[in-house]
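If you read the sequence shown in the working numbering, its first letter stands for residue 1, the second for the next number, and so on.
We treat Cβ as the ideally placed atom computed from N, Cα and C, and that holds for glycine.
If you're wondering where the values come from, they're calculated on a predicted model, not measured in any experiment.
Down below is the structure, laid out as structure tokens.
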Amino acid sequence: MASTFPLIVQEHSRVHRAITIAVFVAVALAVYLAPFVLPGFRLNQISGALVLVIAIVGLNLLSGFGGQISLGHAAFFGLGAYTTGILTVDHGVPVVIAMLLSIVVCFCAGVIVGLPALRLQGTYLALVTLAVGILFPTLIRRFDDLTGGSRGLQDISFRPPEGLAYFSGALGRTIWIFWAVSIALALCCLVVRNIMRSGLGRGIVALRDKEAAGVVMGVNRAFVRTVLFGISAAIAGVAGGFFAVINGIITPDSFTLLLTINLLVGMLIGGSASFWGADHRWVRRLLRAGLVVRHHRRSDLRRAVRSDPHRVDLPVPERYRRWVEVFDGKGAQDRARDSCIARPPRRRPTPAAHRVRTGHRRDHRT
Numbered sequence: 001m002a003s004t005f006p007l008i009v010q011e012h013s014r015v016h017r018a019i020t021i022a023v024f025v026a027v028a029l030a031v032y033l034a035p036f037v038l039p040g041f042r043l044n045q046i047s048g049a050l051v052l053v054i055a056i057v058g059l060n061l062l063s064g065f066g067g068q069i070s071l072g073h074a075a076f077f078g079l080g081a082y083t084t085g086i087l088t089v090d091h092g093v094p095v096v097i098a099m100l101l102s103i104v105v106c107f108c109a110g111v112i113v114g115l116p117a118l119r120l121q122g123t124y125l126a127l128v129t130l131a132v133g134i135l136f137p138t139l140i141r142r143f144d145d146l147t148g149g150s151r152g153l154q155d156i157s158f159r160p161p162e163g164l165a166y167f168s169g170a171l172g173r174t175i176w177i178f179w180a181v182s183i184a185l186a187l188c189c190l191v192v193r194n195i196m197r198s199g200l201g202r203g204i205v206a207l208r209d210k211e212a213a214g215v216v217m218g219v220n221r222a223f224v225r226t227v228l229f230g231i232s233a234a235i236a237g238v239a240g241g242f243f244a245v246i247n248g249i250i251t252p253d254s255f256t257l258l259l260t261i262n263l264l265v266g267m268l269i270g271g272s273a274s275f276w277g278a279d280h281r282w283v284r285r286l287l288r289a290g291l292v293v294r295h296h297r298r299s300d301l302r303r304a305v306r307s308d309p310h311r312v313d314l315p316v317p318e319r320y321r322r323w324v325e326v327f328d329g330k331g332a333q334d335r336a337r338d339s340c341i342a343r344p345p346r347r348r349p350t351p352a353a354h355r356v357r358t359g360h361r362r363d364h365r366t
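This is the structure:
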């Protein structure tokens, strides 16, 4: 009996769409049923973890996809938390509006911090962002009339809407925050995914891989770098706002350098420059319709491509096209073609050419 594994499904087919929809329905169902299965303190822990995931999504956009090292992301996280707390506690602004305003404030702060990225790279940019992250708790303590100093801000709450039985009871607030954080995380992931698939995302990748080539191709380096910092800071501000309403109290000690290190470690373990995680190969195969390919198919592809090794623009044969798309995804045909093209053998120089190249020429004049 022939084995049915590995499962081979062509991308963008009906089966692929059906499996993708089924995965998202399963995730939504798990989120819906979690409050009925888990106790309240577990839901609170999961909500706190999802808040950190939102911040890591923003950091991944900047450091993973953009290649810009940031050691001050805790400052944007804390700025969003304090903006939400100050507007909610001191001025009575609704939490949703306060979070939206915190996104704007963090975006502007990210653009300002991103201006040095136009001149600095690598270690020097990391030192600038590190200075921002270290100075943030000191500034919070300095303006104690506004931020509460070392005592922090208290009584920050996010009450569920009235009249909904699903969010009623003793655990109504915990369930409401869990749902709000889950929806916010999904929206942030969707925003990052759409950005990386747009012209701005292509410019971000171009500047990360080869800045000079990206500038020559017409990428506006100043606009892309500043907007990249701003969007990443805005996503961190969203996480900071939810951090404030989950804990109910915020202090300067919550936004130290240790938080930035935790975010960086989470990004590296989870997989930088990846939507699906560190093990993106098998996760993509599972979530994107089980795209698995037998190894002998790749060898067949190489033999087919090497049939004409001197053509740089050699197209992949039609019978192997879907295997390449399934195996490597978008842009795989170019990578497979470049890796499979056999270079012509290097010719050894003749003795005469060697003497001319090295300057050892005989003088035939008598």
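Assign residue i to one of two classes, buried (16 or more other C-beta atoms within 10 Å of its C-beta) or exposed (fewer than that).
i	result
Q68	buried
I21	exposed
G72	buried
P161	exposed
G148	buried
L135	exposed
G163	exposed
A55	buried
R343	Note on R343: pLDDT 44, under 50, position unreliable in the model; no value is reported.
V265	exposed
V181	buried
P137	buried
G85	buried
M267	buried
S252	At residue 252 the sequence reads Pro, which differs from the Ser that was named. Buried is the call here.
F107	buried
R374	With the chain represented from 1 up to 366, any question about residue 374 goes unanswered, as that position is not in the structure.
S47	buried
G152	buried
I183	exposed
L146	exposed
L29	exposed
L190	exposed
L263	buried
V245	buried
Reducing DSSP to helix, strand and coil, say where residue i ends up.
i	result
I54	helix
L171	coil
R303	Caution applies to R303, whose pLDDT of 46 falls short of 50 and renders its modelled position unreliable; the model cannot decide the point.
L38	coil
L164	coil
R294	Low local confidence applies: a pLDDT of 34 at R294 is under 50, so the model's placement there is unreliable, with the coordinate-based value given in what follows. Note: R294 maps to coil in three-state DSSP.
S13	coil
For residue i versus residue j, is the C-beta distance shorter than 7 Å?
i	j	result
I195	G201	yes
A81	F243	yes
S63	G237	no
L61	V192	yes
A74	F255	yes
T129	S168	no
I235	G58	yes
A109	A233	yes
G270	F77	no
L185	L100	no
A206	V216	no
G133	T260	yes
A273	F65	yes
L87	V93	yes
Taking 7 Å as the CB-CB cut-off, is residue i touching chain D?
i	result
S232	The chain labelled as chain D is not found in the depicted structure, where only one protein chain is given.
For this session: Mind the definition here: the region 210–220 touches the region 32–44 only if three or more C-beta pairs lie below 8 Å; say whether that holds.
Result: Contact between the region 210–220 and the region 32–44 is absent, because fewer than three Cβ pairs lie under 8 Å.
Exercise. Enumerated in chain order, which unbroken segments of the alpha helix (DSSP H) with a length of 4 residues or greater are wholly contained in the region 196–270?
Worked result: 199–209, 211–216, 221–247 and 257–270
Problem set entry | Meets three-Cβ-pair contact criterion under 8 Å: the region 77–97 and the region 149–159 | Yes, they touch.
Problem set entry | Cβ pair count under 8 Å reaching 3, the region 24–35 against the region 169–182 | yes
Problem set entry | Contact the region 135–144 vs the region 112–120: 3+ CB pairs below 8 Å | no
Problem set entry | Entirely enclosed alpha helix (DSSP H) segments - the region 65–122, minimum 4 residues | 73–89 and 95–114
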